[in-house]
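Using the numbering used here, the first residue of the sequence shown is number 3, and each one after it goes up by one. Quick reminder that beta carbons are idealized off the backbone N, C-alpha and C, glycines included. Written out below as structure tokens is the structure these notes cover.
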Amino acid sequence: MYFWDQHKTITLYYEMITASTCDKYNLKKMEYDILMFLYHNPEYNTAADIVRIRKSTKSHVSTALKVLEDRGYITKKTNENNK
Numbered sequence: 003m004y005f006w007d008q009h010k011t012i013t014l015y016y017e018m019i020t021a022s023t024c025d026k027y028n029l030k031k032m033e034y035d036i037l038m039f040l041y042h043n044p045e046y047n048t049a050a051d052i053v054r055i056r057k058s059t060k061s062h063v064s065t066a067l068k069v070l071e072d073r074g075y076i077t078k079k080t081n082e083n084n085k
């Protein structure tokens, strides 16, 4: 149980320190996490990359990316070699 206790503590702390940013910019946790993922991993810039690496569901990633695009936080670019 020691590992899980630490994991829970770290997760709660992460949520606590990100809450003010999420509130300020009206972001859900998934939207914030995706923005941070894209910022720190610019080489993984497709929805498929996010789903594969973060182990998130396609529908949640797709919905979050649409919200971020609508708000102007990200820009969708079409790659000729990929949809």
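Whether residue i touches residue j by CB criterion (7 Å)
i     : j     : result
ILE1  : TYR46 : Only positions 3 to 85 of the chain appear in this structure, which leaves residue 1 out of reach.
MET38 : HIS62 : no
LYS78 : GLU71 : yes
TYR41 : THR20 : no
Cα-Cα separation between residue i and residue j, rounded to whole angstroms
i     : j     : result
LYS26 : ILE76 : 17 Å
PHE5  : GLU82 : 45 Å
ASN28 : GLY74 : 13 Å
SER64 : CYS24 : 19 Å
Within-7 Å CB hit, residue i to chain C
i     : result
TYR16 : Annotation note: the requested chain C is absent from the structure, which comprises a single protein chain.
From the options, residue whose alpha carbon lies closest to that of residue i
i     : options                       : result
THR80 : THR48, SER22, LEU70 and THR65 : THR48
*Continuous alpha helix (DSSP H) assignments of at least 4 residues falling wholly in the segment 30-60*: 31-42 and 49-56
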